[in-house]
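Chemist: Protein sequences, first through last, are from chains A and B. The letter at position 396 of the first sequence is residue 395 when you use numbering that gives the first Met the number 0, and the numbering goes up by one with no holes. The letter at position 134 of the second sequence is residue 133 when you use numbering that gives the first Met the number 0, and the numbering goes up by one with no holes.
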Amino acid sequence: MVKNAKKVVAISMLMSTMVVVSACGSSSSTDSPTSSAKETAAASGEKVTISYGGWSLDTMTDVIKAFNASHPNIEVKAENTPYKQYFTKLETAAQGGTMPDVLWMNGPNFIKYAENNMLKDLSDNIKKDQVDLKNYPTSLISLYSLGGKNYGIPKDYDTIGLWYNKKLFDEKGIPYPDGTWDWAKLTEAAKKLTDSSKGIYGFAAPMMNQEDYYNTILQAGGNIISDDHKKSGFDQPEAIEGLKFLTDLIQVHKVSPTLAQMTETAPADLFTSGKLAMYFDGSWAAFTIIQNAEMKNNADVAPLPKGKKQGVVIHGLSHVISANSKHPKEAWEFVKFLGSKEAAEIAAKQGGAIPAFKGSEAAWLAAFPQYHAKAFIDMTEYATPYPVSKNTSVWTTYETEILKNAWTGEKPVADAAKELGAKMNQALAAEK
Amino acid sequence: MRISSKRRSDWMWAYIMITPLMLGLLFFYIWPVFQTFYFSFTDWGSFGKYTWSGLSNYKRLLTDRDLLYAFRNTSIYIITAVPIGIILSIFLAVLLNQKVKGLSVYRTLYFLPVVTMPAAVAMVWKWLYNSDFGLINYVLGRLSIPGPHWLTDNRTALLSIIIVAIWSSIGSHMIIFLSGLQGISVSYYEAASIDGAGAFTKFTRITLPLLTPTIFFVMVTSLIGAFQVFDFIYMMVGDIVMESTQSVVFLYYKYGFLKNSKGYASSIAVLLFGIIMIITYIQMKIQKKWVHYE
Numbered sequence: 000m001v002k003n004a005k006k007v008v009a010i011s012m013l014m015s016t017m018v019v020v021s022a023c024g025s026s027s028s029t030d031s032p033t034s035s036a037k038e039t040a041a042a043s044g045e046k047v048t049i050s051y052g053g054w055s056l057d058t059m060t061d062v063i064k065a066f067n068a069s070h071p072n073i074e075v076k077a078e079n080t081p082y083k084q085y086f087t088k089l090e091t092a093a094q095g096g097t098m099p100d101v102l103w104m105n106g107p108n109f110i111k112y113a114e115n116n117m118l119k120d121l122s123d124n125i126k127k128d129q130v131d132l133k134n135y136p137t138s139l140i141s142l143y144s145l146g147g148k149n150y151g152i153p154k155d156y157d158t159i160g161l162w163y164n165k166k167l168f169d170e171k172g173i174p175y176p177d178g179t180w181d182w183a184k185l186t187e188a189a190k191k192l193t194d195s196s197k198g199i200y201g202f203a204a205p206m207m208n209q210e211d212y213y214n215t216i217l218q219a220g221g222n223i224i225s226d227d228h229k230k231s232g233f234d235q236p237e238a239i240e241g242l243k244f245l246t247d248l249i250q251v252h253k254v255s256p257t258l259a260q261m262t263e264t265a266p267a268d269l270f271t272s273g274k275l276a277m278y279f280d281g282s283w284a285a286f287t288i289i290q291n292a293e294m295k296n297n298a299d300v301a302p303l304p305k306g307k308k309q310g311v312v313i314h315g316l317s318h319v320i321s322a323n324s325k326h327p328k329e330a331w332e333f334v335k336f337l338g339s340k341e342a343a344e345i346a347a348k349q350g351g352a353i354p355a356f357k358g359s360e361a362a363w364l365a366a367f368p369q370y371h372a373k374a375f376i377d378m379t380e381y382a383t384p385y386p387v388s389k390n391t392s393v394w395t396t397y398e399t400e401i402l403k404n405a406w407t408g409e410k411p412v413a414d415a416a417k418e419l420g421a422k423m424n425q426a427l428a429a430e431k
Numbered sequence: 000m001r002i003s004s005k006r007r008s009d010w011m012w013a014y015i016m017i018t019p020l021m022l023g024l025l026f027f028y029i030w031p032v033f034q035t036f037y038f039s040f041t042d043w044g045s046f047g048k049y050t051w052s053g054l055s056n057y058k059r060l061l062t063d064r065d066l067l068y069a070f071r072n073t074s075i076y077i078i079t080a081v082p083i084g085i086i087l088s089i090f091l092a093v094l095l096n097q098k099v100k101g102l103s104v105y106r107t108l109y110f111l112p113v114v115t116m117p118a119a120v121a122m123v124w125k126w127l128y129n130s131d132f133g134l135i136n137y138v139l140g141r142l143s144i145p146g147p148h149w150l151t152d153n154r155t156a157l158l159s160i161i162i163v164a165i166w167s168s169i170g171s172h173m174i175i176f177l178s179g180l181q182g183i184s185v186s187y188y189e190a191a192s193i194d195g196a197g198a199f200t201k202f203t204r205i206t207l208p209l210l211t212p213t214i215f216f217v218m219v220t221s222l223i224g225a226f227q228v229f230d231f232i233y234m235m236v237g238d239i240v241m242e243s244t245q246s247v248v249f250l251y252y253k254y255g256f257l258k259n260s261k262g263y264a265s266s267i268a269v270l271l272f273g274i275i276m277i278i279t280y281i282q283m284k285i286q287k288k289w290v291h292y293e
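1. Shortest alpha-carbon distance to Ala346 (chain A) belongs to which of A:Leu364, A:Ala330 and A:Trp331?
2. Out of B:Thr107, B:Arg6 and B:Ile85, state which residue places its alpha-carbon closest to the alpha-carbon of Leu207 (chain B).
3. Please report how far the alpha carbon of Phe199 (chain B) lies from the alpha carbon of Ser88 (chain B), in whole angstroms.
4. Check whether the stretch 254-264 of chain A and the stretch 147-156 of chain B are in contact - that is, three or more C-beta pairs closer than 8 angstroms.
5. From which residue to which residue does the alpha helix (DSSP H) around Met21 (chain B) run?
6. So, under 8 angstroms CB-CB, Phe375 (chain A) and Thr158 (chain A) are touching, yes? Tell me the CB distance rounded to an integer number of Å.
7. Between the stretch 226-237 of chain A and the stretch 93-100 of chain B, are three or more C-beta pairs nearer than 8 angstroms?
8. Between Val393 (chain A) and chain B, is the shortest Cβ-Cβ distance under 8 angstroms, so that the two count as touching?
9. Per DSSP, what kind of secondary structure is Glu78 (chain A) in: helix, strand or coil?
10. With respect to the alpha helix (DSSP H) encompassing His172 (chain B), which residues constitute its N-terminal and C-terminal limits?
11. Does any residue of chain B bring its CB to less than 8 angstroms from the CB of Thr399 (chain A)?
12. Quick one: does Leu192 (chain A) have its CB under 8 angstroms from some CB of chain B?
13. Taking beta-carbon pairs under 9 angstroms, can you tell me which members of the stretch 190-222 of chain A lie near chain B?
14. Return no unless some Cβ of chain B is closer than 8 angstroms to the Cβ of Asn115 (chain A).
15. In the DSSP assignment, find the beta strand (DSSP E) that holds Thr319 (chain A) and state where it starts and stops.
16. Per DSSP, what kind of secondary structure is Ala298 (chain B) in: helix, strand or coil?
17. Which residues mark the beginning and the end of the alpha helix (DSSP H) in which Ile205 (chain B) is found?
18. Does DSSP put Thr407 (chain A) in a helix, a strand or coil?
19. Find the nearest neighbour of Tyr304 (chain B) within the set B:Ala119, B:Leu60, B:Met11 and B:Ser4, judged by alpha-carbon distance.
20. Can you give the Cα-Cα distance for Thr407 (chain A) and Arg106 (chain B), rounded to whole angstroms?
21. Provide the residue span of the beta strand (DSSP E) that contains Tyr200 (chain A), from first to last.
22. Pick out whichever of A:Trp182, A:Asp57, A:Trp394 and A:Asn72 has its Cα sitting closest to the Cα of Glu45 (chain A).
23. With a CB to CB cut of under 6 angstroms and the five nearest residues on each side skipped, what residues in its chain are close to Asn108 (chain A)?
24. Indicate whether Met117 (chain A) and Ser321 (chain A) have their beta-carbon atoms separated by less than 8 angstroms.
25. What does DSSP give as the partner residues of Val47 (chain A) in its beta bridges?
26. In its own chain, which residues sit with a C-beta less than 7 angstroms from the C-beta of Phe286 (chain A), not counting the 5 before and 5 after it?
27. With a threshold of 6 angstroms on Cβ separation, who are the neighbours of Ile165 (chain B) within its own chain once the five nearest residues in sequence on each side are excluded?
28. Under 8 angstroms between the Cβ atoms of Lys184 (chain A) and Ala298 (chain A)?
29. Could you tell me the distance, in whole angstroms, from the CA atom of Gly44 (chain B) to the CA atom of Val163 (chain B)?
30. What does the alpha-carbon distance come out to for the pair Glu237 (chain A) and Trp51 (chain B)?
31. What does the alpha-carbon distance come out to for the pair Gln209 (chain A) and Met276 (chain B)?
32. For Ile353 (chain A), write down the residues that DSSP places opposite it in a beta bridge.
33. Looking at the unbroken beta strand (DSSP E) that takes in Phe279 (chain A), where does it start and where does it end?
34. Which term fits Met423 (chain A), buried or exposed, when burial requires 16 or more other beta carbons within 10 angstroms of its beta carbon?
35. Check this for me: beta carbons of Gly310 (chain A) and Asp155 (chain A), under 8 angstroms apart or not?
36. Am I right that Trp180 (chain A) and Ala301 (chain A) are in contact with their C-beta atoms under 8 angstroms? What's the rounded C-beta distance?
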């Protein structure tokens, strides 16, 4: 028996050493004491691999190539995740300490990550390497600053435009949309363009915030969140009007597919397959639309139509560095390069998004000579920043849950909007 | 008690051999179970910070309407998908147990959904179900039947999911039933034939009773699987019909990963765990009444 007990002890010791070994393996990625050793290793010419996370990295392949060419000791590994899963995955990764070294960050999520010390403060690097922040739109610099510290180098910005199918307009003999259009004109044209026998819709009014109802709410003179991020604007009459404009296009004018249809086939897909004459989509959509053989020369874009006034949401992404990065020096090298005019122009040529570096918009426009893509840049004059608060995703989940009843017609828009306003105010009050 | 040294060394090697697997189980299955239980009494903030909150999550469970709906949806799913799946796969297994030409081709065809990734299955079915461009509604349209919005209508969304779930589970059940059928000795059938039994009598008096252990096994495992249905719902159903399709595990995902209240999500997981335990226990008890072991 005694001998047997010894064996148990021996086995449990063996097991516990394995536990320790495996625990070390998993925790080394969260701790950074080892990083200084690795940095010096890198300086002595050893090749360092840094990961780069984003949700449309196919638009950045040329930039990565250029960086790898000019920095032979650093290899950038792109880790692409579809947007729908990106932030869910990122949060899990952040918790486990396995965030990519360099990654894309958006406005709604920035405050949460910065406040929880998940992002590296770049202020010192910016000062040391004399990166001129005046090269980027101030609205984007301030979007990615917190407590006087800069956490991100702006990557790009986007606005929303009215995309339309020229062929469908020609068939019906209707003049193309332009900057003078208002809601009435859009409705009228959409009615003429709708051809149910061919399954063609004049317009699509999906339940999307940045692309659709944030803009129409602004155009009606309302807001989504107050300037101090404390109060919802959804319950105001202007917001209700902005929402109702879209739902009416489905339910009253019947020029848009229903929400059910658009859930099955996204408006962007309907548009590229020639079944949709007009819809709102971002400047980023140009990249997909121009790759479609049918749409390459048949599509064009105009500024969003006016309601009471003109209105559009502007948003932009930043490159940020993980606070737990094992290679902060190399990561900064990469971010610095991504923020340079050179990178902006390479990215712009590929056509992904409008680069944030001032003066390099021309290169982006040149990628789409056949479209009036300048509309996206012109609209920045009256653009409103994308609405955010500390826990943006909490109330954007409410948006989907509550507004869907207005979109399907089960509830009057005003009731849904008021319910949403109340829920959002509750969520905002709970943030502090 | 003396144990020979050879036996001892046998034991040692056995333990060493199973150690890696045991460690994996311990770390990736058993430890998380305890953690989930612990976290169900906490309140989560961002990035894994949590505070003890006592029973508040469990109190919330009692008043959560979404959870009630989720249990209703899951129950509908279970009481349709499990029995239909089992009946169909027994039927197929009996058919494919005959000596017909091209047997292995048929077996492969029915097994194909099992080796296909659920994500790919969901993508293909999503297109089949598409109300404007899908094959199903196209065929229905040809027959002048107006096709529904399968995946975006409250009345059909859950049904659509159930159909896909049955379709994709039949293959694996069928293989298990096939092996069960082949374990039945031919001599029973020969004896029955001599006594003048017909094909139907043979099936109900010999095949079915002797297949009950297999049926029991498939029932227990597929019931547990059905309680945890998630993937097809996540991949096929859009936001607008979520209330009438979301399962308990989907709700768990929503709270845990989208709304980031992982504490509450853990309490849902614990509740589900308890329910599955109880139902499996009941099944184990009842099996004595209907399962025949040879």
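Just so it is clear, CB atoms sit at the ideal spot from N, CA and C, and this is done for glycine as well.
Modeler: With the given structure in hand:
1. If we check each option's Cα against that of Ala346 (chain A), A:Leu364 comes out closest.
2. That would be B:Ile85, whose Cα lies nearest to the Cα of Leu207 (chain B).
3. If you draw a straight line from the Cα of Phe199 (chain B) to the Cα of Ser88 (chain B), it comes to about 18 angstroms.
4. As far as the Cβ criterion goes, the stretch 254-264 of chain A touches the stretch 147-156 of chain B, which means the pair count is three or higher.
5. That run of the alpha helix (DSSP H) goes Ser4 to Leu24.
6. With 8 angstroms as the limit, Phe375 (chain A) and Thr158 (chain A) qualify as a contact, their Cβ atoms being about 5 angstroms apart.
7. Here the stretch 226-237 of chain A makes no contact with the stretch 93-100 of chain B; the two share fewer than three CB pairs at distances below 8 angstroms.
8. Contacts with chain B at 8 angstroms (Cβ-Cβ) include Val393 (chain A).
9. DSSP places Glu78 (chain A) in strand when its eight states are reduced to three.
10. Element bounds for His172 (chain B): Ala156 to Gln181.
11. Yes, Thr399 (chain A) lies at the interface with chain B (some Cβ there is under 8 angstroms from its Cβ).
12. Answer no: the Cβ-Cβ gap between Leu192 (chain A) and chain B never drops below 8 angstroms.
13. So the close ones are Gly198 and Met206.
14. Yes, because at least one Cβ of chain B sits closer than 8 angstroms to the Cβ of Asn115 (chain A).
15. It should be pointed out that residue 319 (chain A) corresponds to Val in this sequence rather than to Thr. From DSSP, the beta strand (DSSP E) with Val319 (chain A) extends over Val312 to Ile320.
16. Summary: the structure shown does not reach residue 298 (chain B), with chain B confined to residues 0 through 293, and so no result is reported for it.
17. Ile205 (chain B) -> no alpha helix (DSSP H), and no H or E assigned at all.
18. When DSSP states are grouped into helix, strand and coil, Thr407 (chain A) belongs to the coil group.
19. No answer is possible for residue 304 (chain B): the residues shown for chain B start at 0 and end at 293.
20. Separation of Thr407 (chain A) and Arg106 (chain B) (C-alpha to C-alpha, rounded to the nearest whole angstrom) is 45 angstroms.
21. First-last of the beta strand (DSSP E) with Tyr200 (chain A): Tyr200 to Ala203.
22. Per the Cα distances, A:Asn72.
23. Counting only Cβ-Cβ distances below 6 angstroms, and skipping sequence neighbours, we find Phe86.
24. A contact, by the Cβ cut-off of 8 angstroms.
25. Beta-bridge analysis with DSSP links Val47 (chain A) to A:Ile73.
26. Thr58, Gly350 and Gly351.
27. Ala80, Ile83 and Gly84, listed in sequence order.
28. No. Outside cutoff.
29. Whole-angstrom Cα-Cα distance: 37 angstroms.
30. Spanning the two alpha carbons is a distance of roughly 43 angstroms.
31. Going by the C-alpha atoms only, they are around 45 angstroms apart.
32. DSSP lists A:Tyr156 as the bridge partner or partners of Ile353 (chain A).
33. From DSSP, the beta strand (DSSP E) with Phe279 (chain A) extends over Leu275 to Gly281.
34. Under the 10 Å beta carbon count, Met423 (chain A) is surrounded by 16 or more other beta carbons and is classified as buried.
35. The Cβ atoms of Gly310 (chain A) and Asp155 (chain A) lie no closer than 8 angstroms to each other.
36. Indeed, because the Cβ distance is near 7 angstroms, the residues count as touching under 8 angstroms.
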